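Residue numbers (our numbering), protein chains in the order written: chain A, 1 to 161; chain B, 162 to 666. Just so it is clear, CB atoms sit at the ideal spot from N, CA and C, and this is done for glycine as well. No experiment lies behind these values; they were computed from the predicted model shown.
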Amino acid sequence: MKVNDVIVGGVILGLGAFVATTGYMLRPPRHLAYGPGFFPMLIGFGLMTVGALIAIQALSTLRGSSWATVPEWARSRGGLLRFAIIPAAIVFYIVAVGPLGFLATATILLATIFAVNGVAARRGLPLALGLAVVVNLVFASVLHVPLSWGVLEPFSGWLIW
Amino acid sequence: MVIGSIFSQLADPYLWTVVVISAVYGLIVGAIPGLTALMATALLVPFIIFMPPLPAVASIITASAMAIFAGDIPGALLRMPGTPASAAYTDDAHGLTLKGKSAVALGAGLFSSVCGGLISAIILTSSAPWLARAALSFSSVEYFWLGVLGLSCATFVAGPSLLKGLASLLFGLFLATVGLDPVSGMPRFTFGSSDLMGGLGLIPILIGLFAVSELMRNANAPAAGEAANAATGSVIRSSAGLMWTHKIGILRGSLIGTLVGALPGAGSDIAAWISYATARKFSRVGRKTDEDGAVERIMSASAANNASLGGAYIPATVFGIPGDAITAIVISVMFIKGINPGPTLFLNRPEVIYGIFAIFFVANLLIIPLGIACIHSFRSIMRLPTTVISPVILLFCMLGAFSVENTLFAVGLVAVFGFVGWLMEANQIPLAPAILGLILGPLLEQTFMTTMLKSQGDLVTFFDRPIGGTIGVVTLAVWTITIGLKVFRPGDAIEIPAAEQGRAE
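Here it is as structure tokens:
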């Protein structure tokens with residue numbers, strides 16, 4: 001989503017103000033002339049300057065330009081879903097991997113994205129399960145990444161060695 | 162002694178297995194339009210983190226070199242560059258394919274890529290030890306100015322807007338300040354969270370900014386077309402002879418690529434565009450509109466994009482300052498493996514550093530047999546449906562972040578920075594300066610604060626050492642000239658299409 005550079009500049013200016021203020025509030029220890037907030041303050045002032053300049057530069061071309069341009073695909077429900085499924089899948093993974101375990105979470109996650117991408121369920125579901133099993137085997141058994149088993153804990157011996 | 166140790170390391174079958182698997186992986190990822198060499202490298206991290214240092218770095222070198230070459234294949238056959246580094250000469254290569262000479266187009270890319278990679282490896286191997294000897298006498302002042310010069314270059318070449326490049330750089334520097342202050346040990350921007358105490362992990366942010374944002378951008382991209390014009394004829398027979406005819410173009414491209422690669426922030430895509438533009442403007446053959454001219458331009462640009470990979474390792478190994486985002490990953494992997502890149506590495510562990518250099522020669526020579534095999538099996542690669550590949554890549558993104566940091570917080574960072582990266586790219590804010598800011602931030606802050614505390618705030622200290630002062634003056638001159646050019650000649654810029662600006666290679 002493209003937004004007008006006045007907004008871009010404003011956001012950067014706001015971020016700079018936050019960084020500079022937080023840096024200012026970090027008091028240096030008594031024996032040091034320059035404390036932990038000194039460098040962030042310089043960055044904050046830099047961000048504020050750059051943000052202000054971007055916004056000022058964009059103000060001259062403001063007339064006739066829109067505040068935000070929504071991409072063509074975002075106008076259709078399918079397009080929006082295909083886009084939103086990516087961050088949503090990550091959030092789902094974070095929430096579900098503990099209780100459900102990696103294998104179940106990955107299977108549900110892959111099958112759902114396959115479905116959103118138009119892969120038929122009779123092909124997508126076994127594919128998702130197969131891929132999840134292979135990835136689980138590689139990461140848990142070969143690379144020894146401590147993947148959660150969740151509700152499938154009693155069956156973990158089948159897929160780990 | 163060192164040579165013997167290097168050969169014994171190279172004789173390790175485990176190393177060769179890693180190199181060959183990484184090569185095949187790099188070729189497949191590079192040949193799929195939309196998947197970049199950087200994404201391939203970022204996704205390798207969870208696997209190589211468990212390997213000894215040399216195979217880990219060898220895996221990245223091989224996969225990135227292969228991916229950059231493989232990007233030429235869909236570019237030539239489908240007019241759809243596999244990686245942004247191949248975009249410069251896609252039209253020329255596809256033009257040859259339409260004339261039934263796809264073997265010439267692909268062969269030109271293949272052999273010039275190998276030459277570019279080998280020439281940059283020779284320059285890297287011969288110049289890095291010499292530079293490292295000079296760097297041994299560097300103090301915090303020299304490292305500070307080198308960091309500033311590197312970040313300045315990264316910002317200036319990142320895109321058409323200097324202000325947006327600067328904003329990205331400062332954002333990266335801010336992200337680097339999250340966690341414990343390196344001087345006083347006080348927490349900053351942690352908001353009481355124990356996850357933020359150790360700072361923001363580089364790998365989750367890299368995966369988010371470059372891999373997840375790419376998946377979000379491609380979520381609604383049309384599927385790649387059928388490879389209607391598969392390579393015809395022998396690649397070796399039709400193009401090996403052209404090497405001698407276009408030797409000047411290849412050499413020029415290799416030198417440009419190595420030099421541009423050594424500049425922090427400027428990756429293989431920018432190297433290819435500069436070399437392509439140079440061939441088109443200044444070469445007698447490159448100006449021609451016939452087949453000969455197209456081959457000259459392809460060879461110059463293709464040599465440059467592979468040469469830039471070797472060039473990027475010069476500042477990375479000598480100073481610990483990454484030349485591009487791929488070497489940024491290499492540096493962080495080296496740190497995790499207990500190898501601190503920098504001049505002392507050449508003294509203390511020469512067998513590791515020369516082993517890494519040797520891998521450049523091996524990887525580039527491997528491009529010939531494996532590249533030809535990839536060209537011939539391109540139809541099969543294109544049959545891999547992106548609707549299936551993308552979700553699997555997303556799963557690897559999450560697992561990659563989790564494997565490195567061992568926390569779900571890292572997976573959350575992937576989501577946040579994936580969205581931030583997508584927003585930044587949609588608003589033409591380049592991503593590379595942010596990553597380099599994040600990596601160089603601690604070095605820059607530590608050297609800046611050390612010098613400030615040492616000199617009790619006397620800024621003259623930044624200029625009173627001969628080498629440090631010279632780099633400082635050069636940096637300030639670069640800033641003055643660049644800002645002057647932007648103010649007085651605002652239209653001047655390297656001609657890189659907006660879509661390619663600021664993208665990873």
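* If you scan the stretch 473–533 of chain B from start to end, which runs of the alpha helix (DSSP H) of 4 or more residues do you find wholly inside it? -> Scanning the stretch 473–533 of chain B from its first residue to its last, the whole alpha helix (DSSP H) runs of 4-plus residues come out as 486–497 and 504–509.
* **Continuous alpha helix (DSSP H) assignments of at least 4 residues falling wholly in the stretch 70–114 of chain A** => Complete alpha helix (DSSP H) runs here, min 4: 77–100.
* Evaluate the contact criterion for the stretch 357–373 of chain B versus the stretch 488–503 of chain B: three or more CB pairs, one atom per stretch, below 8 Å. => The stretch 357–373 of chain B is in contact with the stretch 488–503 of chain B.
* How many angstroms separate the CA atom of residue 543 of chain B from the CA atom of residue 285 of chain B? -> Straight-line Cα distance between these residues: approximately 35 Å.
* Asked: Name the chain B residues that come within less than 8 Å of residue 106 of chain A, Cβ to Cβ?
  -> Here the neighbours are 556.
* To do: With DSSP as the reference, label residue 324 of chain B as helix, strand or coil.
  => Look at residue 324 of chain B here: in three-state DSSP terms it is helix.
* Asked: If you measure beta-carbon to beta-carbon, which residues of the stretch 587–619 of chain B are closer than 7 Å to chain A?
  -> Flagged, chain order: 587, 588, 606, 609, 610, 613, 614, 617 and 618.
* Indicate whether residue 278 of chain B and residue 237 of chain B have their beta-carbon atoms separated by less than 8 Å. => No; because the gap between Cβ atoms is not below 8 Å, this pair is not in contact.
* Residues of chain B with a CB under 9 Å from the CB of residue 1 of chain A: which are they? -> Residues of chain B passing the Cβ test: 583, 584, 587 and 588.
* Does the stretch 236–255 of chain B come within contact of the stretch 513–533 of chain B, defined as at least 3 CB pairs closer than 8 Å? -> By the criterion of at least three beta-carbon pairs nearer than 8 Å, the stretch 236–255 of chain B is not in contact with the stretch 513–533 of chain B.
* To do: Pull up the distance between the alpha-carbon of residue 327 of chain B and that of residue 100 of chain A, whole angstroms please.
  => Rounded to the nearest angstrom, the two C-alpha atoms are 44 Å apart.
* First and last residue of the uninterrupted alpha helix (DSSP H) at residue 200 of chain B -> That run of the alpha helix (DSSP H) goes 198–209.
* residue 461 of chain B and residue 410 of chain B closer than 8 Å at C-beta -> It is a contact, given that the beta carbons lie within the stated cut-off.
* Asked: Using 8 Å as the threshold, is the stretch 601–610 of chain B in touch with the stretch 324–338 of chain B, meaning 3 or more CB pairs across them?
  -> Pairwise C-beta distances place the stretch 601–610 of chain B in contact with the stretch 324–338 of chain B, as three or more of them are shorter than 8 Å.
* Asked: Looking only at its own chain, which residues have a Cβ that is under 6 Å from the Cβ of residue 51 of chain A, when we skip the five neighbours before and after it?
  -> Once the five neighbours on either side are set aside, the close Cβ partners of residue 51 of chain A are 9, 12, 13 and 16.
* Report all residues from its chain with a CB closer than 6 Å to the CB of residue 607 of chain B; omit the five preceding and five following residues, and keep chain order. => If you ignore the 5 residues before and after residue 607 of chain B, its C-beta comes within less than 6 Å of the C-beta of 343, all in its own chain and listed in chain order.
* At least three beta-carbon pairs within less than 8 Å, the stretch 443–451 of chain B to the stretch 310–318 of chain B -> No, they do not touch.
* Asked: So, helix, strand or coil for residue 378 of chain B, using DSSP?
  -> It is helical.
* Assuming residue 74 of chain A and residue 4 of chain A make a contact with CB atoms under 8 Å, what is their CB distance in whole Å? -> About 17 Å separates the Cβ atoms of residue 74 of chain A and residue 4 of chain A, ruling out a contact at the 8 Å cut-off.
* Asked: Leaving out the 5 sequence neighbours to the left and right, which residues in its chain are closer than 7 Å to residue 96 of chain A when beta-carbon positions are compared?
  -> Setting aside the 5 residues that flank it on each side, residue 96 of chain A is surrounded in the same chain by 105, each with a C-beta closer than 7 Å to its C-beta; the list follows chain order.
* **Under 9 Å from the C-beta of residue 340 of chain B: neighbouring residues of chain A** => Near residue 340 of chain B there are no residues of chain A at all, since even the closest Cβ is about 10 Å away, more than 9 Å.
* In chain order, what residues of the same chain have a beta carbon less than 7 Å from the beta carbon of residue 389 of chain B, not counting five sequence neighbours either side? -> Reliability fails at residue 389 of chain B, whose pLDDT of 48 lies under 50, so the model's placement of it is uncertain and the value that follows must be treated cautiously. Result list for residue 389 of chain B: empty, nothing under 7 Å.
* To do: Name the residue from B/560, B/636 and B/584 whose alpha carbon lies nearest to the alpha carbon of residue 138 of chain A.
  => The option with the nearest alpha carbon to residue 138 of chain A is B/560.
* Cα-Cα separation, residue 26 of chain A to residue 419 of chain B -> If I take the Cα positions, the gap works out to 43 Å.
* chain A contacts from the stretch 325–337 of chain B (Cβ-Cβ distance under 8 Å) -> For the stretch 325–337 of chain B, which is checked against every Cβ of chain A, the residues closer than 8 Å are 325, 327, 328, 331, 332, 334 and 335.
* **For residue 341 of chain B: DSSP bridge partner residues** => B/348.
* Under the three-state DSSP convention, the category residue 576 of chain B falls into -> Residue 576 of chain B: helix per DSSP, three-state reduction.
* To do: Under 9 Å between beta-carbons, which chain A residues line up against residue 445 of chain B? List them in chain order, please.
  => Those within 9 Å of residue 445 of chain B in chain A number zero; the least Cβ separation is about 41 Å.
* **Exposed unless 16 or more other CB atoms sit within 10 angstroms - verdict on residue 656 of chain B** => Caution applies to residue 656 of chain B, whose pLDDT of 46 falls short of 50 and renders its modelled position unreliable; the model cannot decide the point.
* Asked: How about residue 203 of chain B: is its C-beta nearer than 8 Å to some C-beta of chain A?
  -> With 8 Å as the cut-off, residue 203 of chain B does not count as an interface residue toward chain A.
* Would a check of beta-carbon distances place residue 100 of chain A closer than 8 Å to chain B? -> Output row for residue 100 of chain A: interface = no.
* Using three-state DSSP, classify residue 660 of chain B as helix, strand or coil. => Legend: pLDDT at residue 660 of chain B = 43, less than 50; position of this residue unreliable, value from coordinates given subsequently. Note: residue 660 of chain B maps to coil in three-state DSSP.
* Report the rounded CA-to-CA distance for residue 495 of chain B versus residue 214 of chain B, giving the unit in angstroms. => For the pair residue 495 of chain B and residue 214 of chain B, the Cα-to-Cα distance works out to about 7 Å.
* **Close Cβ partners of residue 35 of chain A (< 7 Å) along its chain, the five nearest in sequence each way excluded** => Excluding residues within five positions, the ones whose Cβ falls inside 7 Å are 26, 27, 28 and 29.
* Less than 8 Å between the CB atoms is what I'm expecting for residue 90 of chain A and residue 572 of chain B, so what's the real figure, rounded? => Rounded, the Cβ-Cβ distance is 6 Å, consistent with contact.
* Asked: Can a CB atom of chain A be found closer than 8 Å to the CB of residue 181 of chain B?
  -> Taking Cβ atoms only, chain A never reaches closer than 8 Å to residue 181 of chain B, which makes this a no.
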